[in-house]
Amino acid sequence: MKYIDEFRDSALARHIADNIASEAEPHRAYHLMEFCGGHTHAISRYGIVDLLPANVRMIHGPGCPVCILPVGRIEAAIRLAQIPRLILCCYGDMMRVPTAKGVNLLKIKASGADVRMIYSSADAVKIAQQNPARQVVFFAIGFETTTPPTAVAIQQAQVLGLKNFSVFCNHVLTPSAISHILQSPEVRELGLVSLDGFIGPAHVSTIIGSRPYEYFAEEFQKPVVIAGFEPLDVMQAILMLIRQLNQGRAVVENEFTRAVTRNGNVKAQFLVAEVFELRRAFEWRGLGLVPYSALKIKSCYAEFDAECRFQVPVLSIADNKACDCGAILRGVKRPQDCKIFGIVCTPDNPIGSCMVSSEGACAAHYSYGRFREAC
Amino acid sequence: MQTRGKIKPGYTRSLDLKHGCVEMAHGGGGLAMAQLIDQLFMAAFDNKYLRQMNDQACFPVSSGRMVMSTDSHVITPLFFPGGDIGSLSINGTINDVVMSGAEPCYVAASFILEEGLLLADLKCIVESMAKASQNAGVTIVTGDTKVVEQGSGDGIFITTTGVGMVPAGINISVERARPGDKVLVSGTLGDHGIAIMSLREHLSFHASIQSDTASMHNLVSAMTAAVPDIHVLRDPTRGGVATTLNEIARQSAVGMMLYENKLPIHEQVSAACEFLGFDPLYVANEGILVAICAPEDAEQLLSVMQSHALGIHAEMIGEVIEDSHCFVQMETRFGGRRVVDWLSGEQLPRIC
Chain A
-5 MKYIDEFRDS ALARHIADNI ASEAEPHRAY HLMEFCGGHT HAISRYGIVD LLPANVRMIH
55 GPGCPVCILP VGRIEAAIRL AQIPRLILCC YGDMMRVPTA KGVNLLKIKA SGADVRMIYS
115 SADAVKIAQQ NPARQVVFFA IGFETTTPPT AVAIQQAQVL GLKNFSVFCN HVLTPSAISH
175 ILQSPEVREL GLVSLDGFIG PAHVSTIIGS RPYEYFAEEF QKPVVIAGFE PLDVMQAILM
235 LIRQLNQGRA VVENEFTRAV TRNGNVKAQF LVAEVFELRR AFEWRGLGLV PYSALKIKSC
295 YAEFDAECRF QVPVLSIADN KACDCGAILR GVKRPQDCKI FGIVCTPDNP IGSCMVSSEG
355 ACAAHYSYGR FREAC
Chain B
2 MQTRGKIKPG YTRSLDLKHG CVEMAHGGGG LAMAQLIDQL FMAAFDNKYL RQMNDQACFP
62 VSSGRMVMST DSHVITPLFF PGGDIGSLSI NGTINDVVMS GAEPCYVAAS FILEEGLLLA
122 DLKCIVESMA KASQNAGVTI VTGDTKVVEQ GSGDGIFITT TGVGMVPAGI NISVERARPG
182 DKVLVSGTLG DHGIAIMSLR EHLSFHASIQ SDTASMHNLV SAMTAAVPDI HVLRDPTRGG
242 VATTLNEIAR QSAVGMMLYE NKLPIHEQVS AACEFLGFDP LYVANEGILV AICAPEDAEQ
302 LLSVMQSHAL GIHAEMIGEV IEDSHCFVQM ETRFGGRRVV DWLSGEQLPR IC
């Protein structure tokens, strides 16, 4: 397949792997965090770890949109879906994340709620048009990549004069989450987590550009390499990070030049700014309350805000005590360090959110990499 | 005034196969049902066993081992590129029968029709079943029809049950995979699943890919003729090749190692899977099989498969290994290794 196979070429991969092996200094450990779930998925699916020397360790970050949504917000979505005659639209992965009681959107769908899986925010608008007598709520989640389509849906609904469409907004922001991780006591003071550099997001960066990462590369002296989601992209980014670390540099470099510019997609940014504004704080699973890390719908679009239209409860629900998702999302623990990993918590019976989406660190390791523990 | 002599049969209007719909009366056990059976099912499936109109079919069998398999077929849409629910319901059951190495003989078909289904559609489906069973050399010997109210079904559900006879000397079973055996697949992965998905109304993509639905009885008989000691045969339908291999690994208490660069996958299927966030290993098939045989038989088996019309794209995709954890693993095209795990729930699209 054109433009795909080139980025999965095994000879090139071997070549980069050889360079990594020869350039990584043997007495030094490299702890690199891939922020995005897309990278986590690629690393696991293509077995990239097999191509890296033992002293280059990949740490899975909190960039899986499904994983970081706290239980309280999922519970709120479930309550919305239980309002009689309401149609709740959401993206596929989201339907399987369980609440503290083990309920998820798939289960309440089976018991009669009208929950519909959609591929695009435009589908939710279409469903609202087709069902004028029913309220339609789009359960919007995701990082900067999925935010512009939600903005388009809201503006479209306004143009169409839809009175039955609203959005339960859970869009979050990448740079503030990365800063939060770097400022956490575990990284800064306790030294529990060594973080030497970041693989920066692929799709998110197509929207926001590479500029937003410049601040924390400089402030925290951590190199960032923005990389595409194909396995060769990830390998090349690892090599670029190792080179920066060897040379004592900490700047933002862009491996994903075929899609990411310094300023990003200005039109999309403008659209987002028209419809959304910053929340003062938002709860992230594993990270707790992170200031200015999420978006809410502006008051001029309040009629499309499900949190204004319905009584959406503000819930803060603790994760299952046995679940280490929080520590895993912060890079403090690896999936296999969690005592319920692969025992009680499996993709068929996920206790924590990291076991749900294939981008989640636990699901990716369980589904693709758990043979390594058997060796 | 009374007329003497022959009594004229009561007039019944012919089934309106152009504009008519299935009505509740078609399942009511009365004349309307008899008419539906006569004019539609009997007309299409006609054979001496059905003509007896008994509540059961009585048929001769040769001595030896008999296999039986049953399968219910539900699919939206009912008609898709490469087939329809009718051909699917025959091919699916025949394939389950022949994966034992058996020669298929007889089929029973049971219909649940939804009130309102167009008789024209039903006619197409029934004729497609007749054609598929003719192709496979099987006879539809008995059947049943029920009608449910509008809203209680999805147009039509078809359950078919097939029986076949296993020739002497054939012992194909899911627990017979042994370390060292080779794993072969007869065709490209995921064609059926992607063809169906491309037609679902909420997915706006177009593919010229066709469902691979086909009866594989001839392919299997060619394979067993060349290599009678095939260890395992399975048709990887729902859950795809990955699920089938995991089932075999668990039943045989072995592991497997696949080679990603050997997997035959149609480019359009790869592309559709890329943007839907699916893995072709988990996408449904209706006309391919997975075969496992001893290493010394593998080359011959592969060449027999490749010389058959349904096996042109056959490949040797991996081997059976010793593994107490029964992992199905894969060497990726990229040079790494990964587990090809059981599918968890339904395959749902990823967000990013």
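Keeping their order, the protein sequence lines are chains A and B.
Under the numbering used here, think of the first position of the first sequence as -5, with each following residue one higher.
Under the numbering used here, think of the first position of the second sequence as 2, with each following residue one higher.
We treat Cβ as the ideally placed atom computed from N, Cα and C, and that holds for glycine.
Predicted, not measured: the structure shown is a model, and the values here were computed from it.
Using a Cβ cut-off of 7 Å, pull out every chain A residue sitting near Ala272/B, in sequence order please. Met(-5)
What is the DSSP secondary structure of Asn164/A, reduced to helix, strand or coil? Reduced to three states, the DSSP call for Asn164/A is strand.
Output the distance between the C-alpha atoms of Thr225/B and Ile231/B, rounded to the nearest integer angstrom. Put simply, the backbone Cα of Thr225/B is about 7 Å away from that of Ile231/B.
Rounded C-beta distance between Ala169/B and Gly102/B? I'm assuming under 8 Å. With 8 Å as the limit, Ala169/B and Gly102/B do not qualify as a contact, their Cβ atoms being about 11 Å apart.
Count Cβ pairs between the stretch 86 to 95 of chain A and the stretch 121 to 131 of chain A that sit closer than 8 Å; are there 3 or more? no
Which of the three DSSP states, helix, strand or coil, is assigned to Tyr113/A? coil
Do Phe335/B and Ile42/A have their C-beta atoms closer together than 9 Å? yes
Could you name the residues of the stretch 354 to 369 of chain A whose beta carbon sits closer than 7 Å to any beta carbon of chain B, in the order they occur along the chain? Ser361, Tyr362, Gly363, Arg364, Phe365 and Ala368
Which complete beta strand (DSSP E) runs does the stretch 280 to 316 of chain B hold, if anything under 3 residues is left out? 291 to 294
Which first and last residues belong to the alpha helix (DSSP H) in which Cys58/A is found? No alpha helix (DSSP H) contains Cys58/A, which DSSP labels as neither H nor E.
How should His174/A be labelled, buried or exposed, when 16 other C-beta atoms within 10 angstroms of its C-beta is the threshold for buried? buried
Rank Gly55/A, Ala312/A, Asp87/A and Cys83/A by C-alpha distance to the C-alpha of Thr168/A and give the top, closest one. Measuring from the Cα of Thr168/A, the nearest candidate turns out to be Gly55/A.
Same chain, Cβ closer than 6 Å to Glu176/B, neighbours up to 5 away in sequence not counted: Gln252 and Ser253
Arg334/B at chain A interface by Cβ criterion, 9 Å: yes
Going by DSSP, name the residue or residues bridged to Tyr107/B. Thr140/B and Val164/B
CB-CB under 6 Å to Leu265/A, same chain, minus the five flanking residues each way: which ones, in chain order? Pro142 and Ala145
Based on DSSP bridge pairs, tell me the residues matched to Tyr360/A. None, per the DSSP bridge assignment.
Check whether the stretch 247 to 267 of chain A touches the stretch 208 to 223 of chain A, taking contact to mean three or more Cβ pairs, one atom from each stretch, closer than 8 Å. At 8 Å Cβ cutoff, the stretches touch.
Anything in chain E within Cβ reach of Ala7/A, meaning under 7 Å, just list it in chain order. The structure shown contains no chain E; its protein chains are A and B.
Let me know the secondary structure DSSP gives Ile352/B once reduced to three states. Residue confidence is low: Ile352/B scores 47 on pLDDT, short of 50, so the model does not pin down where it sits. No coordinate-derived value is stated.
Cα separation between Cys353/B and Leu51/B? Confidence at Cys353/B is low in this model, with a pLDDT of 44, below 50, so the placement of that residue should be treated as unreliable; the coordinate-derived value is given next. Approximately 55 Å, taken between the alpha carbons.
Own chain residues within Cβ distance below 7 Å of Met88/A, not counting five before or after: Closer than 7 Å at Cβ, skipping near neighbours: Val60, Leu99, Phe133 and Ile135.
Can you find a CB in chain A that lies within less than 9 Å of the CB of Asn262/B? yes
In chain order, what residues of the same chain lie with their CB nearer than 8 Å to the CB of Phe81/B, ignoring the 5 residues before and after it? Ala196, Ile197, Leu200 and Ser212
Which residue from Val62/B, Gly144/B, Ala45/B and Ala110/B puts its Cα closest to that of Ser129/B? Ala45/B
Taking 9 Å as the CB-CB cut-off, is Gly258/A touching chain B? no
So Ala133/B and Gly87/B are supposed to be a Cβ contact under 8 Å. How far apart are they, rounded? Between Gly87/B and Ala133/B the Cβ distance is about 7 Å, and since that is below 8 Å, they are a contact.
In angstroms with no decimal places, state the Cα-to-Cα distance between Leu89/B and Leu272/A. 53 Å
Within-9 Å CB hit, His326/B to chain A: yes
C-beta contact flag for Gly191/A and Gln238/A at 9 Å: yes
Which complete alpha helix (DSSP H) runs does the stretch -4 to 33 of chain A hold, if anything under 4 residues is left out? Every alpha helix (DSSP H) of 4 residues or more that sits fully in the stretch -4 to 33 of chain A is shown, in chain order, as 4 to 17.
Based on Cα-Cα distance, which residue from Val50/A, Pro344/A and Phe214/A lies nearest to Glu19/A? Val50/A
Rounded to the nearest angstrom, what separates Ala109/B and Ser73/B at their Cα positions? Going by the C-alpha atoms only, they are around 12 Å apart.
What number of angstroms, rounded off, separates the C-alpha of Arg256/A from the C-alpha of Gly156/B? So the two alpha carbons sit approximately 54 Å from each other.
Suppose contacts are defined by Cβ-Cβ distances below 9 Å. Is Leu264/B in contact with Leu190/B by that definition? In this structure, Leu190/B lies closer than 9 Å to Leu264/B by Cβ.
Would you mind listing the beta strand (DSSP E) stretches within the stretch 219 to 266 of chain A that are 3+ residues and don't spill past its ends, in chain order? You should have 246 to 248.
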